[in-house]
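Chemist: One structure coming up, written as structure tokens, with questions to follow.
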Amino acid sequence: MAKFDQTDVEILKLIQEDSRMTIKEIAGKLNLSTTPIFERLKRLEKRGVIKRYVALLEPKKLGKKLNAFIHISIIDHSKEGIDAFVNQVADYSEVMECHHVTGDSDFLLKISVEDIEKYNLFVTEKLSIVPNINRIKTSFSLSVRKETTVFELDLELMPKEY
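Using my numbering, the first residue of the sequence shown is number 903, and each one after it goes up by one.
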């Protein structure tokens, strides 16, 4: 196991804001040489702290103007029933997130589609053929007021080892 230190935290803060930042740029901001930055990044990647590097796209520029949150209740709550449901909906490109939740529903899907017609097609041609669904309830996003992928990082609050 490795231990987080303040340098790890600073590296993670920088790459959360700009994952295209070079090792040389990170080293310059932290007043370190490139070798320890490279080694730390590789360790953070290997240990799964850094899952992947991605580009965040603007959905509206891609024609995805409608975000919907679909609450789904399923019939079969066995491990097999849950796994079958998740495997099927995870294959749908419209599904951006799938959360197993508590409360009045079992799952919460976040989908992104072009418009209400595409939403209707998604429900009638894709969700309707998933055999384990009991009930769906949808809420549409009127606007996004906050959207971030950046975690607040405080060494004192982080696990001691990873």
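Ideal placement from N, C-alpha and C gives every residue a C-beta, glycine not left out.
1) Using CA atoms only, rank isn't needed, just tell me which of 1055, 1045 and 1056 is closest to residue 968.
2) Going by the CB atoms, is the gap between residue 970 and residue 1013 shorter than 7 Å?
3) Are the CB atoms of residue 1011 and residue 1003 nearer to each other than 7 Å?
4) Answer with buried or exposed for residue 987, where buried requires no fewer than 16 other C-beta atoms within 10 angstroms of its C-beta.
5) Determine the DSSP secondary structure at residue 1037, reduced to helix, strand or coil.
6) Just tell me which of 926, 1038 and 920 has its CA closest to the CA of residue 977.
7) Classify residue 987 as helix, strand or coil using the three-state DSSP reduction.
Modeler: Straight from the coordinates:
1) As a working note, residue 968 is residue 66 in the sequence shown. Relative to the Cα of residue 968, the nearest Cα in the group 1055, 1045 and 1056 belongs to 1045.
2) The residue you call residue 1013 lines up with position 111 of the sequence shown. The residue you call residue 970 lines up with position 68 of the sequence shown. Note that the C-beta distance between residue 1013 and residue 970 is below 7 Å.
3) For this step, residue 1011 is matched to residue 109 along the sequence shown. For this step, residue 1003 is matched to residue 101 along the sequence shown. At the C-beta level, residue 1011 and residue 1003 stay beyond 7 Å of one another.
4) Residue numbering aside, residue 987 sits at position 85 when the sequence shown is read from its first letter. Buried.
5) Residue numbering aside, residue 1037 sits at position 135 when the sequence shown is read from its first letter. Three-state result, residue 1037: strand.
6) Locating residue 977 in the sequence shown gives position 75, counting from the first residue. Ranking 926, 1038 and 920 by Cα distance to residue 977 puts 1038 first.
7) Start at 1 with the first residue of the sequence shown, and residue 987 comes out as number 85. Correct three-state label for residue 987: helix.
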